[in-house]
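Q: Just so you know, the sequences run in chain order A and B.
Each residue of the first sequence is one higher than the one before, starting from 1 at the first, in full-length UniProt numbering.
Each residue of the second sequence is one higher than the one before, starting from 1 at the first, in full-length UniProt numbering.
Number of protein chains: 2
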Amino acid sequence: MTRPETSRPETSRSDGGRPSAAERREEILRIAMETFATRGYHNASLAEIAERSGLTQAGVLHHFRSKAGLLTGVLDLRDQSDLAQLAQLGEERPRGLAFLAHLVETARRNAEREGIVRLYAVLSAESVTSGHPAQEYFRARYAGLRAMVVEAIGEAADAGEVPAGLDPRAAASAVLAVMDGLRVQWLLAPEAVDMAATTDLVIGALLGRPVPGGG
Amino acid sequence: MTRPETSRPETSRSDGGRPSAAERREEILRIAMETFATRGYHNASLAEIAERSGLTQAGVLHHFRSKAGLLTGVLDLRDQSDLAQLAQLGEERPRGLAFLAHLVETARRNAEREGIVRLYAVLSAESVTSGHPAQEYFRARYAGLRAMVVEAIGEAADAGEVPAGLDPRAAASAVLAVMDGLRVQWLLAPEAVDMAATTDLVIGALLGRPVPGGG
DNA sequence: GTCTATACGTTGATAGAC
DNA sequence: GTCTATCAACGTATAGAC
Chain A
1 MTRPETSRPE TSRSDGGRPS AAERREEILR IAMETFATRG YHNASLAEIA
51 ERSGLTQAGV LHHFRSKAGL LTGVLDLRDQ SDLAQLAQLG EERPRGLAFL
101 AHLVETARRN AEREGIVRLY AVLSAESVTS GHPAQEYFRA RYAGLRAMVV
151 EAIGEAADAG EVPAGLDPRA AASAVLAVMD GLRVQWLLAP EAVDMAATTD
201 LVIGALLGRP VPGGG
Chain B
1 MTRPETSRPE TSRSDGGRPS AAERREEILR IAMETFATRG YHNASLAEIA
51 ERSGLTQAGV LHHFRSKAGL LTGVLDLRDQ SDLAQLAQLG EERPRGLAFL
101 AHLVETARRN AEREGIVRLY AVLSAESVTS GHPAQEYFRA RYAGLRAMVV
151 EAIGEAADAG EVPAGLDPRA AASAVLAVMD GLRVQWLLAP EAVDMAATTD
201 LVIGALLGRP VPGGG
């Protein structure tokens with residue numbers, strides 16, 4: 001599921017010539033992602049996305065039938081993004097503690113991908129507003145992510161790596177919540193927050209791992 | 001500290017007659033709060049706020065000079081809200097572990113105040129978008145809250161209630177982050193998330209408190 | 001203090017030429 | 001596939017009557 005577009009070979013050419021329709025779509029999506037991340041969905045305008053794409057507004061709407069459709073397209077580009085890539089890993093994802101370590105690693109990488117961080121921070125919260133076109137996307141996303149973390153905690157528990165009384169569902173919510181919350185704090189004050197270290201701190205604490213240098 | 005306005009006695013009357021200016025302002029702010037919480041700032045319109053207030057749009061702008069001014073007014077109403085009431089407590093706030101317990105209590109109460117939860121979830125994330133009028137407010141808010149939690153952890157540490165190696169600043173970010181992140185998850189799926197219990201779980205884990213029923 | 005009227009920009013979307 | 005032209009709707013804000 002990494003390629004939502006049906007890229008027809010006869011129209012796809014990556015040389016310096018005129019971009020194919022698929023390439024245009026991809027370019028528009030890339031710019032739309034940045035714009036939604038910077039402005040939020042409602043405050044972003046097709047005109048701005050169009051201008052930055054070197055097209056007119058009508059040109060953009062030739063490739064995506066509506067603004068909401070454009071947002072959907074951006075969210076479907078999730079394979080490059082953030083946590084959601086984990087959903088792409090399918091059955092090959094890391095198990096148990098390794099999965100939780102993967103979350104920390106994701107947080108670390110995200111500190112160098114502000115655009116992605118911003119996109120998810122802004123859109124996930126905006127999605128709770130009434131009638132937001134991404135509401136179902138985020139509801140499903142959180143449900144899926146929670147289930148994955150619950151599963152990983154279960155695997156770790158089977159290996160005896162989790163304190164006996166830990167509620168896996170609460171812990172899963174907590175891990176995802178701390179990652180989300182850190183994004184906003186980090187965007188507002190990057191020097192004051194270490195997303196990876198703090199995520200690791202919480203995961204370690206939940207698992208009963210001794211704090212570094214302490215007891 | 002429940003009355004931010006300087007209520008001038010000669011204009012303030014709470015009988016059934018025509019509302020005073022101060023009462024009008026308060027009513028508009030209440031409705032604006034709900035509207036910003038439901039729609040977000042950018043997607044909320046003065047027309048909707050006005051209609052729900054029983055005024056025209058021009059009527060609303062007589063009391064607040066601009067939409068941004070209205071948002072500022074809403075945020076200044078923070079004494080009824082959420083975490084921010086802690087900032088109001090000033091020197092009388094609970095200390096050490098009691099402060100952290102207060103955060104959990106706040107989360108518990110918030111489960112019955114969806115409007116406040118929604119307002120802060122939506123606006124805090126929206127504030128990271130470019131040029132957002134509440135950006136400075138939230139930057140200062142997080143800085144202040146982090147400092148308060150750091151201080152509380154320090155007090156708890158002095159009482160020997162904190163693991164030796166715990167980084168107070170990371171822990172403070174983590175506690176606030178988990179509370180923020182839980183808000184979004186809870187708004188999207190209230191039955192799947194227990195904000196208070198999960199906040200308590202994280203705080204307890206960071207403090208090295210044994211998990212309930214386990215060890 | 002509230003209204004009507006209005007100015008004036010911006011929005012998303014469509015129609016149709018090329 | 002991209003454009004120009006156009007649209008109706010909506011946005012905030014102001015002026016001025018009452």
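Virtual Cβ for every residue (Gly too), placed ideally from N, Cα, C.
#1: Do the CB positions of glycine 208(B) and glutamate 126(B) come within less than 8 Å of each other?
#2: With 8 Å set as the bound, which would you pick, yes or no: does the beta-carbon of alanine 196(B) sit closer than that to a beta-carbon of chain A?
#3: Nearest to valine 175(A) by alpha carbon, out of Met148(A), Gln185(A), Gly69(A)?
#4: Would you check if the segment 20-37 of chain A and the segment 103-111 of chain A touch, i.e. whether three or more CB-CB distances between them fall below 8 Å?
#5: Can you tell me the Cβ-Cβ gap for alanine 189(A) and arginine 118(A), rounded? I've got them flagged as a contact below 8 Å.
#6: Nearest CA to the CA of alanine 159(B): which residue from Glu34(B), Gly165(B), Gly144(B), Leu97(B)?
#7: What distance in whole Å lies between the Cβ atoms of glycine 144(B) and methionine 33(B), which are believed to be in contact at a cut-off of 8 Å?
#8: Answer yes or no: does any C-beta atom of chain A fall closer than 8 Å to that of valine 128(B)?
#9: Roughly how many whole angstroms lie between the Cα atoms of alanine 50(B) and aspartate 167(B)?
#10: With the cut-off set at 8 Å, would you say valine 202(A) and valine 202(B) are in Cβ contact?
#11: Around the Cβ of threonine 56(B), are there at least 16 other Cβ atoms within 10 angstroms (buried) or fewer (exposed)?
#12: Looking only at its own chain, which residues have a Cβ that is under 6 Å from the Cβ of alanine 156(B), when we skip the five neighbours before and after it?
#13: Applying the criterion that 16 or more other CB atoms from any shown protein chain within 10 Å of the CB defines a buried residue, is glutamate 5(A) buried or exposed?
#14: In whole angstroms, what is the alpha-carbon distance linking alanine 152(A) and tyrosine 142(A)?
#15: What would DSSP say about alanine 44(B), mapped onto helix, strand or coil?
#16: With H, G and I counted as helix, E and B as strand and the rest as coil, what does DSSP make of threonine 129(A)?
#17: Can you list the residues of chain A that alanine 18(B) reaches, using a CB-CB cut of under 9 Å?
#18: Rounded to the nearest angstrom, what separates histidine 132(B) and alanine 164(A) at their Cα positions?
#19: In three-state DSSP terms, what is arginine 146(B)?
#20: Over the uninterrupted alpha helix (DSSP H) stretch that includes phenylalanine 99(B), give me the two end residues.
#21: Taking threonine 72(A) as the reference, give the member of Leu206(A), Phe138(A), Leu86(A) with the closest Cα.
#22: Check whether chain B comes within 8 Å of leucine 86(A), counting only Cβ atoms and requiring the distance to be less than that.
#23: Does DSSP put glutamate 161(A) in a helix, in a strand, or in coil?
#24: Could you give the DSSP three-state label for valine 193(A): helix, strand or coil?
#25: Start and end of the alpha helix (DSSP H) containing residue 230(B)?
#26: Quick check on methionine 179(B) - is its C-beta less than 8 Å from some C-beta in chain A?
#27: On the CB-based measure, 16 or more other CB atoms within 10 Å of its CB, does serine 173(B) come out buried or exposed?
#28: Mapping the DSSP letters down to three states, classify threonine 56(A) as helix, strand or coil.
A: Straight from the coordinates:
#1: no
#2: no
#3: Met148(A)
#4: no
#5: Alanine 189(A) to arginine 118(A), Cβ: 14 Å. No contact.
#6: Leu97(B)
#7: Actually they are not in contact, since the Cβ atoms of methionine 33(B) and glycine 144(B) sit about 21 Å apart, beyond 8 Å.
#8: yes
#9: 48 Å
#10: Yes, the pair counts as a contact, with Cβ atoms nearer than the cut-off.
#11: exposed
#12: Closer than 6 Å at the Cβ level, and outside the excluded window around alanine 156(B), lie Gly96, Leu97, Val162.
#13: Model confidence at glutamate 5(A) stands at a pLDDT of 41, short of 50, so the residue's coordinates are unreliable; what they give is reported in the following sentence. Exposed: under 16 other Cβ atoms inside 10 Å.
#14: Those two C-alpha atoms are separated by around 15 Å.
#15: Note: alanine 44(B) maps to coil in three-state DSSP.
#16: coil
#17: Sequence check: residue 18(B) is arginine here, not alanine. Within chain A, no C-beta atom comes less than 9 Å from the C-beta of arginine 18(B); the nearest is roughly 32 Å away.
#18: So the alpha carbons of these two residues sit roughly 45 Å apart.
#19: Looking at arginine 146(B) - three-state DSSP - the assignment turns out to be helix.
#20: Start and end: 97-110.
#21: Of Leu206(A), Phe138(A), Leu86(A), the residue nearest in Cα terms is Phe138(A).
#22: Interface criterion not met: the Cβ of leucine 86(A) is under 8 Å from no Cβ in chain B.
#23: The answer is coil: DSSP assigns glutamate 161(A) none of H, G, I, E or B.
#24: coil
#25: Nothing in the structure corresponds to residue 230(B), since chain B is present only between 1 and 215.
#26: Output row for methionine 179(B): interface = yes.
#27: buried
#28: coil
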